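Right, one structure below, let's go through it.
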Amino acid sequence: MCGIAGIHAYRDGAAPVDGDELARIDERLRSRGPDGHARWRNADGRIAFAHRRLAIIDLSEGGAQPMHHAASGHTIVFNGEIYNHQALRRELHDGGASLRSSSDTEVLLRLFVERGPSMLVLLRGMYALAIWSERERRLFLARDPLGIKPLYIADDGATLRFASQVKALLAGRVDAAPDAAGHAGFMLWGSVPEPYTLHRGIRAVPAGHGIEVRDGRVAAPVAFASPRETLAQGRVAGASAGEAEDALRANAEAVRSSVRAHMVADVPVGVFLSAGLDSTMIAAAASAAGELRTVTLGFDEYAGTPDDEAPLASEAARSLGARHQLCRIGAADFAADRDAILAAMDQPSIDGVNVWFVAKAAARQGLKVALSGLGGDELLGSYPSFEQVPRLHRALRGFGAFRGAGRLLRRAAAPACAALTSPKYAGLLEYGSSMAGAYMLRRCLHMPWELPGLIGDAMARDGLQALATEPTLAASIEGIASERLQVSALEMQWYMRHQLLRDADWAGMAHSLEIRTPLADMELLSNIVALPQLGRANEKRAVARAVAPALPAAILERPKTGFSIPTQRWLTAGLSARLGNHRQWAGYVYRHFTGAAA
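Using this note's numbering, read the sequence shown as starting at 44 and increasing by one per residue.
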């Protein structure tokens, strides 16, 4: 895990790379890599890379970056981990390659030398990478299919800049003017949907895409893998009585296999442990690898209440023989860290505070890697959205021809709905007739008609037009037959990618901690969707029981509750409505990033 950055003057008339500018961008990435730091510039000064290293695999100088392959003239900077690098190394060795280190970076570099961009389909891991070919005068950028690792670019038509964080690029010469789609997107979702940012000149490299810069031009991103394509191949039929037991065993082994893969490291690996099924089955699977170290976050405000997960998490840790650490925080801790949290937050988000504190606790225990249960709800269908979105769509899809009437009804009913309950109820007939619209009603922080009052008429109009939210949501489930898998695709490509994974990156990296997600893994996804569906109501519980039958019944049989954090109570004392509190926090974060009223 690292931070990467670079500048490429790809047009003939562009000025050579400014080393001072790259240094400013690089400095913003300092917390991402405390174990090593280097910059490189080619002979003619047309391209330069910077790298901040958090050493996880091959702790020696053999794993240092930027890394060069002198014989071919290739240079790489890479952020992430390749979990199957040992198997790929053996293949390279069998083909006659001689590698000098045990690092996954060198495996990536040699694979690219031999196979070019087609090597991406071989990788199991999380990554953002940049590879320069001196002979071909080609820069290649790529990002993993789930979007676990971030990568942003700023292209002014002559020079391309890239970095692991938006705030790093803002230290360079980029167009930082407000981008309407980014601002509207944050108000819609509580996070900024890719490829947009708050800034007109900065875009995310799309997940599962590669971008080539060559012959004086930046080519359009080219897709190489996506969760939508994988989910479109999924089994639609449920498991028969004869298949169910075999399918359950296969599901459990797929989870255990993913956890084993994510344990690959030359440093200790810990586990974020809550009382939920995701983290407990990961901890149980990880315990087979040796000493298990677990970290739990508890909140003073929840002590002695049903919302307090710490006692059950401690019980799970005891049952697994873990070396366990409980970190309790309260309003004073949040007040002390609030400015640091917002400074580390790379793009505005209404979430991530809990990850900040549990990552901080893990780092204080000397950990550099921790496994998270992130992705389990999306994979195993345990969010309320898996029931609510299809049910709403089925109930209202017959009204699709009457969206105009639904719009008129919404305009009339919105003020009353906003005053009495949620403004979303006013939009049921307008949005509920499509799966995409039903998902918006379930997940959006604010609905589109509310945005003019939040960011102004012009920015709302332009932003909504650029986002094309409902058609874009519909495209992200195209070709997926099963309602269950459609919701998985929506949750993975929207909520998980744009909020949960992004929050895990900035909050973990602020403490120089690598957060790995065994349940957000493309190979695991492929294995799971190829099996018969186990049934939405009990799928995750059945898998968790098969993965970790020795866990306490209080955890295995515990109803789904969702993770609760009192951030809004800390910030807005006296407000009790969950929706109101989320909106208050969103306004606070937005003002921090923009200085605008919200």
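Quick reminder that beta carbons are idealized off the backbone N, C-alpha and C, glycines included. Only a predicted model underlies this, so the values are computations on that prediction, with no experimental measurement involved.
According to DSSP, residues forming a beta bridge with residue i
i, result
"S176", "H117 and R181"
"W613", "In DSSP, W613 forms no bridge with anything."
"P77", "R96"
"Y195", "A206 and A247"
"R84", "A91"
"A413", "G313 and I558"
"N122", "A171"
"R186", "A171"
"H242", "P221"
"R527", "DSSP lists no partner for R527."
"R453", "In the DSSP output, where bridge partners are listed per residue, R453 has none listed."
Residue range of the unbroken alpha helix (DSSP H) whose run includes residue i
i, result
"I498", "P495 to I498"
"Q267", "Correcting the residue type first, residue 267 is Phe in the shown sequence and not Gln. Counting along the chain, F267 falls outside any alpha helix (DSSP H), and DSSP gives it neither H nor E."
"H436", "S428 to L439"
"L340", "Not the alpha helix (DSSP H): L340 falls in the beta strand (DSSP E), residues R336 to F342."
"M324", "L320 to A329"
"G419", "G419 to L423"
"V401", "V396 to R407"
"E104", "It is not in any alpha helix (DSSP H) - E104 carries neither H nor E in the DSSP assignment."
"Y482", "M478 to R486"
"L355", "A353 to L363"
"W492", "Unbroken run through W492: none, as it is neither H nor E."
"D564", "It is not in any alpha helix (DSSP H) - D564 carries neither H nor E in the DSSP assignment."
Where residue i falls: helix, strand or coil (DSSP)
i, result
"R89", "coil"
"Y170", "strand"
"V586", "helix"
"A641", "With a pLDDT of only 40 at A641, under the threshold of 50, the placement of this residue in the model should not be trusted, and no figure is reported."
"I571", "helix"
"I50", "strand"
"M162", "helix"
"Q576", "strand"
"P221", "strand"
"H112", "strand"
"I393", "coil"
"V261", "strand"
"C45", "strand"
"R635", "The identity of residue 635 in the sequence shown is His, whereas the question assumes Arg. Reduced to three states, the DSSP call for H635 is helix."
"R132", "helix"
"H305", "helix"
"R601", "coil"
"R292", "helix"
"R216", "coil"
"R71", "coil"
"R153", "helix"
Exposed unless 16 or more other CB atoms sit within 10 angstroms - verdict on residue i
i, result
"D87", "exposed"
"Q276", "exposed"
"T202", "buried"
"P193", "buried"
"G409", "exposed"
"G333", "exposed"
"G200", "exposed"
"Y53", "buried"
"S161", "exposed"
"A331", "exposed"
"A511", "exposed"
"V235", "buried"
"E288", "exposed"
"D548", "buried"
"V265", "exposed"
"L451", "exposed"
"G617", "Any answer about G617 is weak, because its pLDDT of 38 lies below 50 and its placement is not dependable; what the coordinates show is given next. By the neighbour-count rule (16 or more Cβ atoms within 10 Å), G617 is not buried but exposed."
Given residue i as reference, the closest of the options once Cα atoms are compared
i, options, result
"A318", "A295, P354, V298 and E566", "P354"
"T323", "D343, V307 and V298", "V298"
"A247", "G418, A263 and G259", "A263"
"I598", "A332, I245, S362 and S283", "S362"
"T256", "D147, A185 and P270", "Reading off the sequence, residue 256 comes out as Val, not Thr. Nearest option by C-alpha distance: A185."
"G395", "A593, A553, G225 and Q576", "A553"
"L274", "W613, Q542 and Q529", "Q529"
"F400", "D78, I608, T118 and P458", "I608"
"R158", "Q129, Y170, Y195 and S115", "S115"
"W537", "A587, A518 and M388", "A518"
"R303", "I325, L291, A346 and I68", "I325"
"P561", "A413, I245 and A219", "A413"
Delimiting residues of the beta strand (DSSP E) encompassing residue i
i, result
"G373", "That residue, G373, is in no beta strand (DSSP E); it is neither H nor E in DSSP."
"G313", "V312 to F315"
"R257", "H252 to R257"
Any C-beta of chain D under 8 Å from that of residue i
i, result
"R540", "Absent here is chain D; the protein component of the structure consists of one chain."
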